[in-house]
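Below: one structure, written as structure tokens.
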Amino acid sequence: MFDDRGPAQRRNDRSGALQRDEVKRVWVDLAIAYPRPQERPVRPMPEGVDLQSRVPGELLAWRRTTTGEWVGWVCLPVRRGEEIRYVYQYVVAAALSPREDVPDKRSHDGP
Numbered sequence: 002m003f004d005d006r007g008p009a010q011r012r013n014d015r016s017g018a019l020q021r022d023e024v025k026r027v028w029v030d031l032a033i034a035y036p037r038p039q040e041r042p043v044r045p046m047p048e049g050v051d052l053q054s055r056v057p058g059e060l061l062a063w064r065r066t067t068t069g070e071w072v073g074w075v076c077l078p079v080r081r082g083e084e085i086r087y088v089y090q091y092v093v094a095a096a097l098s099p100r101e102d103v104p105d106k107r108s109h110d111g112p
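Counting with my numbering, you get residues 2 to 112 for the letters of the sequence shown.
What follows is the structure, encoded as structure tokens:
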């Protein structure tokens, strides 16, 4: 999904999860991970948990489900109003995409 070598580099001896040698930065599309029922009307709830945003996350490992699908073990922020909580959870592969961060301008030499 993210490189030519396949979704994982090694298997974690303790958990059995397929792990990358390093953390991979990803975008997590929460609307794909938590699809809304189409037949329900939207009722805005500003104090509710936001599960429809695209948020930055860190892909830590891959796992196969009992049906053979890939899911990523991801650390991601979930917002509720002004509160942000970081959670670790499995996310379907379709909701994950590679993320390229903009380099920090202070780290460059010259103008």
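Built from N, CA and C at the ideal position, the CB exists for glycine as well.
Inset, instruction - From the DSSP output, in three-state form, read off Leu31 for me. - result: helix
Inset, instruction - With Pro99 as the anchor, note down where its beta strand (DSSP E) starts and where it stops. - result: Leu97 to Pro99
Legend entry - Selection from Ile85, Glu48, Val75 and Glu40 that minimises the alpha carbon distance to Pro30: It is worth fixing the name first, because residue 30 is Asp in this sequence and not Pro. That would be Val75, whose Cα lies nearest to the Cα of Asp30.
Inset, instruction - Can you check DSSP and say which residues form a bridge with Val43? - result: Note: Val43 sits in no beta bridge, so no partner.
Inset, instruction - Determine the contact status of Leu97 and Leu61, defining contact as a CB-CB distance below 8 Å. - result: no
Legend entry - Where Ala95 falls, given that 16 or more other Cβ within 10 Å makes a residue buried: exposed
Inset, instruction - Between the Cα of Glu101 and those of Val92, Glu70 and Val56, spot the shortest distance and give me the residue it belongs to. - result: Val56
Inset, instruction - Taking only the alpha-carbon atoms, compute the straight-line gap between Val27 and Arg37 and give it to the nearest angstrom. - result: 22 Å
Inset, instruction - Whole angstroms is fine: what's the gap from Pro99's alpha carbon to Glu84's? - result: 26 Å
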